[in-house]
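Working notes, structure below.
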Amino acid sequence: MAQAGLLRALPALTLVAMLGPVAAGLAGTLLPAFGHMPAIGAHGPSLAPFAAVLAWPGLGAAVWTSVFTGLLATAVSLGAVVLITAGWWGTRPFRWLERALSPLLAVPHAAAAFGLAFLIAPSGWLARLASPGLTGWERPPDWLIVNDPWGLSLVAGLAAKEVPFLLLMTLAALAQADVARSLRVAQALGHGRIAAWLFCVFPRVYAQIRLAVFVVLVFGMTVVDVALILGPSTPPPLSVQILRWMGDPDLSQRMTAAAGALMQLALVLGALAVWIALERLVARAGRAWIASGWRGRGDGVARVAGLLLGAGSALAVLGGLATLALWSFAGYWGFPDPLPAFAGSKNWMRHGPGLRDAAADTTLVAGIAVALAVILVLGCLEAEHRTGRRLHARGMWLVYLPLLVPQTAFLPGLQTLLLQIGADTGVVPVIAAHLVFVLPYVFLSLGDPWRAWDARHAGVAVALGAGPGAVFWRVRLPMLLRPVLTAAAVGFAVSVGQYLPTLLIGGGRVATLTTEAVALAAGGDRRAIGVHAIAQTAAALLPFAVALAVPAILWRNRRGLHG
Amino acid sequence: MAEGLKMDQLKITRDGAPLVAIDRVIPPGRVLTVMGPSGVGKSTLLAAITGTLAPGFACTGRIILNGRDITAAPPHSRRVGILFQDDLLFPHLSVGENLAFGLRGGGDRTARRSRIDAALAEVGLAGFADRDPATLSGGQKARVALMRMLLSDPAALLLDEAFSGLDADRRARMRKLVFDRARARGLPVLMVTHDRDDADAAGDDVIELRPGAG
Chain S
1 MAQAGLLRAL PALTLVAMLG PVAAGLAGTL LPAFGHMPAI GAHGPSLAPF
51 AAVLAWPGLG AAVWTSVFTG LLATAVSLGA VVLITAGWWG TRPFRWLERA
101 LSPLLAVPHA AAAFGLAFLI APSGWLARLA SPGLTGWERP PDWLIVNDPW
151 GLSLVAGLAA KEVPFLLLMT LAALAQADVA RSLRVAQALG HGRIAAWLFC
201 VFPRVYAQIR LAVFVVLVFG MTVVDVALIL GPSTPPPLSV QILRWMGDPD
251 LSQRMTAAAG ALMQLALVLG ALAVWIALER LVARAGRAWI ASGWRGRGDG
301 VARVAGLLLG AGSALAVLGG LATLALWSFA GYWGFPDPLP AFAGSKNWMR
351 HGPGLRDAAA DTTLVAGIAV ALAVILVLGC LEAEHRTGRR LHARGMWLVY
401 LPLLVPQTAF LPGLQTLLLQ IGADTGVVPV IAAHLVFVLP YVFLSLGDPW
451 RAWDARHAGV AVALGAGPGA VFWRVRLPML LRPVLTAAAV GFAVSVGQYL
501 PTLLIGGGRV ATLTTEAVAL AAGGDRRAIG VHAIAQTAAA LLPFAVALAV
551 PAILWRNRRG LHG
Chain B
1 MAEGLKMDQL KITRDGAPLV AIDRVIPPGR VLTVMGPSGV GKSTLLAAIT
51 GTLAPGFACT GRIILNGRDI TAAPPHSRRV GILFQDDLLF PHLSVGENLA
101 FGLRGGGDRT ARRSRIDAAL AEVGLAGFAD RDPATLSGGQ KARVALMRML
151 LSDPAALLLD EAFSGLDADR RARMRKLVFD RARARGLPVL MVTHDRDDAD
201 AAGDDVIELR PGAG
């Protein structure tokens, strides 16, 4: 009975692990933002921190960059995914794209951003490949491509990573929609392929991926590591400036940071409102379009555009990774040589000891966070199975909530709070902070396959005399080993990629591959960045290889599990 | 009469609305066939007896198995065996391990292994213990599922369209196999089917459920 009680407590425990730090962090932001921070002798309330933010000369540009890059990156990635699925779903190029894009989901944002920067910079690999033959350049041109003031390369870096994410979410949603028949009906009525998709399939799919789109918008507006690498620097986006205030030796700047964080939160809510208004507009335009009888037969250009955008996303990330790999083994690489002198493992040896330490911290934090997340999620799903109460739409909002509150809005507050209550920064709080982001992804990854399991197997096992515990351990868990390991790999990749939680909550004492790599951004040592970004990518991808290999070996003689 | 499966004023409701009502006794070794269109609640009736009713369903009345009131007993201690249309062999276990899952605890390794081998031999599958269930034919899987269920030593047998997945020839043989074993062990059988042939083969009581008859 004690066991059953524990199981029943797990969903509540999961909510606390997921939302507790978010709530605490927001609370910890609120007081300093209004000038109340007894630890440094500040007693509010006062509006001085907000005045300090407003007095910062870069504010207008920083706010504009955040909103512009966030909305544009979201619109571009969603548009690309819609064009790809609408134009090519069920075809051979689509399967090819799907296979190329899926593994890219696990590539950490920072590594993808570094790769893109090394690819498209004036002295990047693309320019080297094209020079001097096509361009006539003997020296890299003096163009500001990376860190451009508009944030366009930031948008490109975000979109390249969000296209795989939204595509996979769309594919999961498509599995539940009756796509093939709807398309056939619409096409029989004379609609072009893309028009048929937009009118009949997209509304259903969008309803299911809507929260994921919101996550993309919030992430794009508030991301720190990608913005440090690709975004404008004078002034930087608001999220980066908040981090600078947080890192200021003058502790009173933390109150400015808190005020900035609250403004960031307001900004995100405003952008979400704008997006929701856009949704309404698009829906109304769509209805008018349908009513007008437009058939959209000449959609060849749109189909090609979709394919190019999808391929562009894959090539931007893959090409970037290839560039990083080249740099990690590069000796002398003068412009415009297409390839560097091969330096063997020299770069790797030089950074070896640091990499080992960072890899150890990365594995420790990710390993514990993922183990906790998998246990909690399995407990929630098992409790759901035994009580027969399924998570409803409002519950899904709760799962998405930690991803919808900007990291920059609550992590500074969480750090300040830990500081004030005298709790130590370090590995344990970092694991707790990672858990906040790992849990939702493990839940989203495991929920569908876990629920899709044929529950009659449980019925049979029970009729054979197996209790609920035996059904779980001896039947359901082994049968679902592959999705469980995949969810763990997803969680691991999420943890590996975390920058801000590690930096802020770790108080500088937890150095992961990601914090080490991003710290190199300002220095511009391309060989060091190549080594660290490749190591970071490997740390995120390796668990997926394990998740594929273990069930393949364990169930090598069980054809029924290789559906 | 204490022996057999007694459904005493058993009424099943769905969200409060009556679905199925039945008041019958199935004596040991006898078969009660329940027929009716799909959606009428046949499978729900079986779920009530195995104790695995889905949320939203509720049942009143009593279920008595060999004199033991199992109405509120947890599903795994009811000793009610069930066969579905699909074999539902556990795909991660070998044929022998599937049978071992069913076999009641007790006995040393060799004794258990020899009981499993004997069960396989009894249905013409001697030497299949280490096979992957996915490599078996439909008829072979059905026989393994039957023996797995019988090894769990049930006190009653439920059949949920258990023969529908087989072709006519296999179907007749499988029916005979199941009914012979149930009769030999004196098991009351509750069979749900939409196939009149199944009912005729059982040659026993038949009841028809009609929509809204609850």
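Quick mapping for you: the protein sequence lines, in order, are chains S and B. Taking the numbering used here, the leading residue of the first sequence gets 1, the next gets one more, and so forth. Taking the numbering used here, the leading residue of the second sequence gets 1, the next gets one more, and so forth. We put the beta carbon where it would ideally sit given N, CA and C, even for glycine.
Item to complete: Could you work out which residue in ARG148(B), GLY138(B), SER77(B) is closest to LEU83(B) when comparing CA atoms only?
Response: Your numbering for residue 83(B) matches position 83 in the second sequence. For the residues ARG148(B), GLY138(B), SER77(B), the minimum Cα distance to LEU83(B) belongs to ARG148(B).
Discussion item. Can you find the residues in the same chain that come closer than 8 Å, C-beta to C-beta, to MET1(B), ignoring five residues on each side of it along the sequence?
Written reply: Reading the second sequence from its first residue, position 1 is the one you call residue 1(B). Bear in mind that a pLDDT of 49 at MET1(B), under 50, signals an unreliable position, so the model cannot answer this.
Worksheet item: Would you call the segment 320–332 of chain S and the segment 92–103 of chain S touching, i.e. three or more CB-CB distances under 8 Å?
Response: no
Worksheet item: Cα separation between SER114(B) and VAL123(B)?
Response: Indexing the second sequence from 1 puts residue 114(B) at position 114. Indexing the second sequence from 1 puts residue 123(B) at position 123. Near 15 Å, if we compare the C-alpha coordinates of VAL123(B) and SER114(B).
Worksheet item: Whose CA, out of VAL34(B), THR71(B), ASN66(B), ILE64(B), lies closest to the CA of GLY51(B)?
Response: By 1-based counting over the second sequence, the position of residue 51(B) is 51. Comparing Cα positions, the closest option is THR71(B).
Fill in: Proximal residues of chain B, C-beta to C-beta of GLY459(S) below 9 Å
Within the first sequence, residue 459(S) is the residue found at index 459, counting from 1. In chain order: ALA47, THR50, THR52, PRO75, ILE82, PHE84, LEU88.
Fill in: Bridge partners - GLY81(B), DSSP secondary structure assignment
The residue given as residue 81(B) occupies position 81 in the second sequence. Bridge partners of GLY81(B): LEU157(B).
Discussion item. I need the straight-line Cα distance from GLY36(B) to LEU308(S), nearest angstrom please.
Written reply: As a first step, residue 36(B) is located in the second sequence; it is residue number 36 there, counting from the start. As a first step, residue 308(S) is located in the first sequence; it is residue number 308 there, counting from the start. Rounded to the nearest angstrom, the two C-alpha atoms are 56 Å apart.
Discussion item. Tell me the residue span of the alpha helix (DSSP H) that contains LEU158(S).
Written reply: If you number the first sequence from 1, residue 158(S) lands on position 158. Residues 152–174.
Worksheet entry | Under the three-state DSSP convention, the category ILE375(S) falls into | Reading the first sequence from its first residue, position 375 is the one you call residue 375(S). Helix, per DSSP.
Worksheet item: What residues of chain S sit near THR135(B), judged by a beta carbon separation below 8 Å?
Response: Counting from 1 along the second sequence, the entry for residue 135(B) is found at position 135. ARG559, listed in chain order.
Practice prompt. Please work out which residues of its chain come closer than 6 Å, Cβ to Cβ, to ASN79(B), disregarding the five sequence neighbours upstream and downstream, and give them in chain order.
Written response: As a position in the second sequence, residue 79(B) is number 79, starting the count at 1. In the sequence on display, residue 79(B) carries Arg and not Asn. Within the same chain, ARG79(B) has close Cβ partners PRO154, ALA155.
Worksheet entry | Residue nearest to TRP348(S) in terms of C-alpha spacing, selected from ARG527(S), PRO468(S), CYS380(S), ALA130(S) | Your numbering for residue 348(S) matches position 348 in the first sequence. TRP348(S) has its Cα closest to that of ARG527(S), out of ARG527(S), PRO468(S), CYS380(S), ALA130(S).
Discussion item. Is MET1(B) close to chain S? Criterion is C-beta to C-beta, closer than 7 Å.
Written reply: Residue 1(B) sits at position 1 when you count from the first residue of the second sequence. The predicted model places MET1(B) with a pLDDT of 49, which falls under 50 and marks its position as unreliable; any figure quoted below should be read in that light. No, MET1(B) does not count as interfacial toward chain S.
Worksheet entry | Helix, strand or coil at THR234(S) according to DSSP, with G and I counted as helix | Sequence index remark: in the first sequence, residue 234(S) carries index 234 (1-based). Three-state result, THR234(S): coil.
Worksheet entry | Listed by chain order, chain B residues near GLY465(S) by CB distance under 7 Å | Here residue 465(S) is taken as the residue at index 465 of the first sequence, counted from 1. Those within 7 Å of GLY465(S) in chain B are HIS76, ARG104, SER152.
Worksheet item: Considering only C-alpha positions, which residue in the set PRO149(S), PHE437(S), LEU83(S) is nearest to LEU228(S)?
Response: In the first sequence, residue 228(S) corresponds to position 228, counting from 1. Cα-wise, what sits closest to LEU228(S) is PRO149(S).
Item to complete: In the DSSP assignment, find the beta strand (DSSP E) that holds ARG14(B) and state where it starts and stops.
Response: The residue you call residue 14(B) lines up with position 14 of the second sequence. Unbroken beta strand (DSSP E) run through ARG14(B): 5–14.
Worksheet item: Would a C-beta distance cut-off of 7 Å place ALA55(S) and PRO237(S) closer than the cut-off?
Response: Position 55 of the first sequence, counting from 1, holds the residue named residue 55(S). Position 237 of the first sequence, counting from 1, holds the residue named residue 237(S). Cβ distance not < 7 Å, so ALA55(S) and PRO237(S) don't count as in contact.
Worksheet item: Which residue's Cα is closest to the Cα of VAL144(B): ASP167(B), ALA172(B), LEU103(B), ALA111(B)?
Response: Walking along the second sequence from the start, residue 144(B) turns up at place 144. Ranking the options by Cα distance to VAL144(B), first place goes to LEU103(B).
Fill in: 6 Å CB neighbourhood of ALA540(S) in its chain, flanking five on each side removed
Locating residue 540(S) in the first sequence gives position 540, counting from the first residue. Hits under 6 Å: ALA106, PRO108, ALA493, VAL496.
Worksheet item: Can you pull the DSSP bridge partners for ARG62(B)?
Response: Within the second sequence, numbered from 1, the residue matching residue 62(B) stands at position 62. Answer is ASP8(B), bridged to ARG62(B).
Practice prompt. With DSSP as the reference, please indicate the residues paired to ALA487(S) in a beta bridge.
Written response: Start at 1 with the first residue of the first sequence, and residue 487(S) comes out as number 487. According to DSSP, which records beta bridges pairwise, ALA487(S) is partnered with nothing at all.
Discussion item. Let me confirm a value: SER38(B) is counted as buried when at least 16 other C-beta atoms fall within 10 Å, else exposed. Which label applies?
Written reply: As a working mapping, residue 38(B) is identified with position 38 in the second sequence. Its Cβ having fewer than 16 others within 10 Å, SER38(B) is exposed.
Worksheet item: Can you tell which of ASP23(B), LEU151(B), ASP204(B), GLY139(B) has its C-alpha closest to the C-alpha of ARG181(B)?
Response: As a working note, residue 181(B) is residue 181 in the second sequence. Of the listed residues, the one whose Cα sits closest to ARG181(B) is LEU151(B).
Worksheet item: What residue does the beta strand (DSSP E) around VAL31(B) start on, and which one ends it?
Response: Numbered from 1 along the second sequence, position 31 holds the residue referred to as residue 31(B). Segment 31–35, the beta strand (DSSP E) holding VAL31(B).
Discussion item. Whole angstroms are fine: how far does the CA of PHE202(S) sit from the CA of PHE342(S)?
Written reply: Within the first sequence, numbered from 1, the residue matching residue 342(S) stands at position 342. Within the first sequence, numbered from 1, the residue matching residue 202(S) stands at position 202. Each residue's Cα considered, the two are about 49 Å apart.
Worksheet item: PRO478(S) touches chain B at which residues, Cβ-Cβ below 7 Å?
Response: Within the first sequence, residue 478(S) is the residue found at index 478, counting from 1. Correct list: HIS92.
Fill in: Cβ separation of THR256(S) and ALA27(S), assumed to be a contact under 8 Å, to the nearest whole Å
Position 256 of the first sequence holds residue 256(S). Position 27 of the first sequence holds residue 27(S). The pair is not a contact, with the Cβ atoms about 18 Å apart (cut-off 8 Å).
Item to complete: Quick one: which unbroken alpha helix (DSSP H) runs of 4-plus residues sit fully inside the segment 406–461 of chain S? Chain order, please.
Response: 407–420, 427–452
Worksheet item: Among the residues of its own chain, which have a CB less than 6 Å from the CB of TRP88(S), if the five just before and after it don't count?
Response: Here residue 88(S) refers to the residue found at position 88 of the first sequence. These residues qualify, in order along the chain: PHE94.
Practice prompt. Keeping to the same chain, check which residues put their C-beta closer than 7 Å to that of VAL570(S); ignore five residues upstream and five downstream.
Written response: Because residue 570(S) is not part of the residues shown, which for chain S are 1 to 563, the question remains open.
Worksheet entry | First and last residue of the uninterrupted alpha helix (DSSP H) at ARG185(B) | Stepping through the second sequence from its first residue, residue 185(B) is reached at position 185. Here the alpha helix (DSSP H) through ARG185(B) covers 168–185.
Worksheet entry | Test: GLY214(B) CB closer than 7 Å to a CB of chain S | For the purposes of this step, residue 214(B) is taken as residue 214 along the second sequence, with counting starting at 1. Confidence is the limiting factor: at GLY214(B) the pLDDT is only 44, short of 50, which leaves the residue's position unreliable and the question unanswerable from this model.
Item to complete: Might you give, ordered along the chain, the residues of its own chain that have their beta carbon closer than 7 Å to the beta carbon of ALA119(B), omitting 5 neighbours on each side?
Response: Sequence index remark: in the second sequence, residue 119(B) carries index 119 (1-based). Excluding residues within five positions, the ones whose Cβ falls inside 7 Å are LEU99, MET147, LEU151.
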